[in-house]
Amino acid sequence: MAWITPALTVLLAAAMIGAALVAVLGRSLPIAILAAGLVSLLASVLFLVLASPDVAMTEAAIGSGLTTFLFFFVLGRVRGGEHD
Amino acid sequence: MIRRAAALALIAALGALLLPLLLGYHPDEALNLTACYYAERTAADLGAANIVTAIVVTYRGLDTLGEVTVLFLSAAVVGLVLARGRTATTGGRPRLPAGELLTTGSRLLAPLIMLLGIYIFVNGHLTPGGGFQGGAVIASGVLLLLLAEPGRRLGHRVIALVESLSGLAYVAIGVAGLVYAGGFLDNRILPIGTLGELASAGAIPVIYSLIGLKVGAEFSSMLANLSETEEL
């Protein structure tokens, strides 16, 4: 079972890169915010796989939880002056 | 075109800088000297089952105090910047009410989420997680309440009181460690107890609970400020 951690790590890293590309290249802002949150969520799973549960909890609570909602709050406020 | 080429050149330069690090990487076969010290001495010296917590709260306690201060400063700056846009009372355009699903779900979930946050920071010396994680989880519960009732105003005085009292108590415990034990933020001002029990590891549970309350109050005040601001 020694192969399972590297395999899972590579899989999660590939999924993170995919989600990050969606966040950067996507046309719609809400989907970009959700994709950025997904990067954080996958990162927290990756930290858990790499045996650091403390960091994983921080990443899940702040990175994918609070930050995503913070972006949505701000997005809702600045909608009027949208440029691109 | 030039901007795109410059960006590509920057990325290539960054890759060339990081490539030697990747090529020269060898995973450690054993713990290094510092890690060895922490792994061997934490349980005997401080009585904390979670080594990460022992490092964050006691061995590197001063750094944690600095982190909490930085978080406090950013919360204060958010409040300062957003203070101009805040509506006086309940003025401005009326908010849309939250959906039935969100309102009912938040009544069930918000207390459970807060309880989980408190559990995380009270058990910080035994299980993974601690003050920062628990505080962020509590703030997510507050966020759920804010989303469920957009017109509601949180008690800013209560949040400020919790925040400043826990910060004051944190520093006071640190100074008590200076007087009664080995140094600033030393946890041995209270008995160490047996490893693995809730009331063990000296002052670590007390300090981490205070950090949890402080971080939760800071994040909550940031979220409340953001949700109460009408225009940016």
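Protein chains in written order, with my numbering: chain A, 225 to 308; chain B, -15 to 216. Heads up, the beta-carbon is just placed ideally off N, CA and C, and yes, glycines get one too.
Run of the alpha helix (DSSP H) containing residue i, from where it starts to where it stops
i, result
"residue 254 (chain A)", "253 to 273"
"residue 292 (chain A)", "291 to 302"
"residue 144 (chain B)", "140 to 164"
"residue 209 (chain B)", "188 to 212"
"residue 279 (chain A)", "277 to 282"
"residue 131 (chain B)", "115 to 132"
"residue 90 (chain B)", "84 to 106"
"residue 25 (chain B)", "17 to 29"
"residue 14 (chain B)", "Residue 14 (chain B) -> no alpha helix (DSSP H), and no H or E assigned at all."
"residue -13 (chain B)", "-14 to 7"
"residue 45 (chain B)", "45 to 66"
"residue 349 (chain A)", "Beyond the ends of chain A as shown, which are 225 and 308, falls residue 349 (chain A); an answer cannot be given."
"residue 33 (chain B)", "Run containing residue 33 (chain B): none; DSSP gives neither H nor E here."
Residue i to residue j span [Cα, whole Å]
i, j, result
"residue 277 (chain A)", "residue -14 (chain B)", "44 Å"
"residue 263 (chain A)", "residue 257 (chain A)", "10 Å"
"residue 296 (chain B)", "residue 286 (chain A)", "Given that chain B is displayed from residue -15 to residue 216, the structure contains no residue 296 (chain B) and the question cannot be resolved."
"residue 34 (chain B)", "residue 113 (chain B)", "9 Å"
"residue 104 (chain B)", "residue -6 (chain B)", "42 Å"
"residue 54 (chain B)", "residue 297 (chain A)", "23 Å"
"residue 197 (chain A)", "residue 268 (chain A)", "Because chain A here runs from 225 to 308, residue 197 (chain A) falls outside it and cannot be looked at."
"residue 8 (chain B)", "residue 242 (chain A)", "27 Å"
"residue 189 (chain B)", "residue 157 (chain B)", "12 Å"
"residue 4 (chain B)", "residue 266 (chain A)", "27 Å"
"residue 205 (chain B)", "residue 51 (chain B)", "17 Å"
"residue 302 (chain A)", "residue 91 (chain B)", "30 Å"
"residue 30 (chain B)", "residue 247 (chain A)", "44 Å"
"residue 115 (chain B)", "residue -12 (chain B)", "43 Å"
"residue 129 (chain B)", "residue 10 (chain B)", "48 Å"
"residue 152 (chain B)", "residue 145 (chain B)", "11 Å"
"residue 234 (chain A)", "residue 299 (chain A)", "33 Å"
"residue 73 (chain B)", "residue 141 (chain B)", "Reliability of the predicted coordinates at residue 73 (chain B) is poor, the pLDDT of 49 falling under 50, and no value is obtained from them."
"residue 212 (chain B)", "residue 85 (chain B)", "23 Å"
"residue 134 (chain B)", "residue 108 (chain B)", "33 Å"
"residue 6 (chain B)", "residue 237 (chain A)", "16 Å"
"residue 175 (chain B)", "residue 159 (chain B)", "17 Å"
"residue 230 (chain A)", "residue -2 (chain B)", "25 Å"
"residue 21 (chain B)", "residue 273 (chain A)", "25 Å"
Cβ-Cβ distance between residue i and residue j below 8 Å
i, j, result
"residue 250 (chain A)", "residue 288 (chain A)", "no"
"residue 87 (chain B)", "residue 192 (chain B)", "no"
"residue 139 (chain B)", "residue 196 (chain B)", "no"
"residue 124 (chain B)", "residue 97 (chain B)", "yes"
"residue 127 (chain B)", "residue 207 (chain B)", "yes"
"residue 202 (chain B)", "residue 59 (chain B)", "yes"
"residue 48 (chain B)", "residue 61 (chain B)", "no"
"residue 210 (chain B)", "residue 57 (chain B)", "no"
"residue 110 (chain B)", "residue 45 (chain B)", "no"
"residue 283 (chain A)", "residue 293 (chain A)", "no"
"residue 183 (chain B)", "residue 132 (chain B)", "no"
"residue 15 (chain B)", "residue 23 (chain B)", "yes"
"residue 42 (chain B)", "residue 170 (chain B)", "yes"
Other residues of its chain near residue i: CB distance less than 6 Å, five sequence neighbours each side excluded
i, result
"residue 12 (chain B)", "none"
"residue 172 (chain B)", "165 and 186"
"residue 290 (chain A)", "none"
"residue 150 (chain B)", "194, 197 and 198"
"residue 255 (chain A)", "none"
"residue 154 (chain B)", "194"
Same chain only: Cβ atoms within 7 Å of residue i, ignoring 5 sequence neighbours per side
i, result
"residue 162 (chain B)", "168"
"residue 239 (chain A)", "266"
"residue 26 (chain B)", "32, 35 and 38"
"residue 244 (chain A)", "263"
"residue 279 (chain A)", "271"
Contacting residues, own chain, Cβ-Cβ under 8 Å from residue i (five flanking each side not counted)
i, result
"residue 308 (chain A)", "In this prediction, residue 308 (chain A) has a pLDDT of 48, which is less than 50 and means its spatial position is unreliable; nothing more can be read from the coordinates."
"residue 136 (chain B)", "129 and 130"
Inter-residue CB distance, residue i and residue j (contact presumed, cutoff 8 Å)
i, j, result
"residue 122 (chain B)", "residue 63 (chain B)", "At roughly 18 Å, the Cβ-Cβ gap does not stay under 8 Å, so residue 122 (chain B) and residue 63 (chain B) are not in contact."
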